[in-house]
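Asks: Residue numbers (the numbering used here): 7 to 214.
Glycine included, every Cβ here is placed at the ideal spot set by N, Cα and C.
Bear in mind the structure is a predicted one, so any value in this text is a computation, not a measurement.
What follows is a single structure, and I will ask about it in a moment.
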Amino acid sequence: MLAQGVAPARADSLRATLDSVFAAPAYRWETREDPFGPLRRLWMAVGEWLSQLQRDNPQAYRALTWALVAVLVVILAHAAWVAVRTVRGGSRRAQRDVLGPQSAPRDAAWYAQESARLAAAGDFVAAMQADFLRLVLELDARQVMRFHPSRTPSEYVRDATLSEEGRLALRALVGAMYAHAFARVPLDRAAYDRWRADAVAERYARAH
């Protein structure tokens, strides 16, 4: 009779012990949500879609590939422009600190002379960049855009007060400059003169 009473007591004690052990966090069977799960699923879905597009329509796949390459080139060119402008700006500030203030202001006339000097020396890419700054300063005087040394050509296109036609023309002008300055597209005197013929402030001021 006593043994029968002890056995249930031991069973209850064992059950209580097991319940307390398996109630610990280490034994909780929970499905934890992957924080990168949606991104991983999206990446896999895009990969599957591209693979299917390559199988079903190779021409569209090639066109999409070249479009993505073009976007990447534009992004890299923009980043290179920002880096070059930042380095040049720092060098100019250091030079001003050493030599003191310069007497000649770098206005539109100064950049026009500088672009002419560079073009005469055969450095048409540098002449194109100097002439673009001349155009920006002339458009700034017409309140079409606002000049700032740290801004990039793409930012000038984005923020300019222009009609859609004028903005497209200015974007084409900047795109040609990027192609020669960063994509290393050859630039000779004739191509530079054609580009400069489009870099006329009156052309964009009319679209203001």
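Is the Cβ-Cβ distance between residue 78 and residue 67 less than 9 Å?
Replies: Cβ atoms of residue 78 and residue 67: not closer than 9 Å.
Asks: Tell me the rounded alpha-carbon separation between residue 131 and residue 186.
Replies: Each residue's alpha carbon lies about 7 Å from the other.
Asks: What does the Cβ neighbour count give for residue 50, buried or exposed, with the cut at 16 atoms within 10 Å?
Replies: It is exposed - the Cβ of residue 50 has fewer than 16 other Cβ atoms within 10 Å.
Asks: Would residue 150 be called buried (16 or more neighbouring beta carbons within 10 Å of its own) or exposed?
Replies: The residue is buried, with at least 16 neighbouring Cβ atoms inside 10 Å.
Asks: Please classify residue 48 as buried or exposed, where buried requires at least 16 other C-beta atoms within 10 Å of its C-beta.
Replies: By the neighbour-count rule (16 or more Cβ atoms within 10 Å), residue 48 is not buried but exposed.
Asks: What are the uninterrupted segments assigned as beta strand (DSSP E) that are 3 or more residues long and contained completely in the segment 101–181, given in chain order?
Replies: With a minimum length of 3 residues, no continuous beta strand (DSSP E) run stays inside the segment 101–181.
Asks: Beta carbon of residue 137: closer than 8 Å to some heavy atom of the ligand COA?
Replies: The ligand COA is absent from the structure shown, which contains no ligand whatsoever.
Asks: Spatial neighbours of residue 75 within its chain, please: CB distance less than 7 Å, with the 5 preceding and 5 following residues excluded, ordered by chain position.
Replies: Hits under 7 Å: none found.
Asks: If you follow the alpha helix (DSSP H) that residue 193 is part of, which residue opens it and which one closes it?
Replies: Taken as a continuous stretch (DSSP letters only), residue 193 belongs to no alpha helix (DSSP H), as it is neither H nor E.
Asks: Within the same chain, show all residues whose beta-carbon is closer than 8 Å to that of residue 167, passing over the 5 residues directly before and after it, in chain order.
Replies: Correct list, in chain order: 149, 150, 151, 214.
Asks: What does a CB cutoff of less than 8 Å around residue 189 pick up in its chain, not counting 5 residues either side in sequence?
Replies: Same-chain partners within the cutoff: 79, 83.
Asks: Just reading off the alpha helix (DSSP H) that residue 41 is part of, what are its end residues?
Replies: Per DSSP, residue 41 belongs to no alpha helix (DSSP H) and is neither H nor E.
Asks: What would DSSP say about residue 93, mapped onto helix, strand or coil?
Replies: Looking at residue 93 - three-state DSSP - the assignment turns out to be helix.
Asks: Exposed or buried, residue 172, counting other C-beta atoms within 10 Å across all chains shown (16 or more means buried)?
Replies: So residue 172 counts as buried.
Asks: Excluding the 5 residues preceding and the 5 following residue 198 in the sequence, name in chain order all residues of the same chain whose CB lies nearer than 8 Å to its CB.
Replies: For residue 198, where only same-chain residues beyond five positions count, the Cβ hits under 8 Å are 125, 130, 133, 134.
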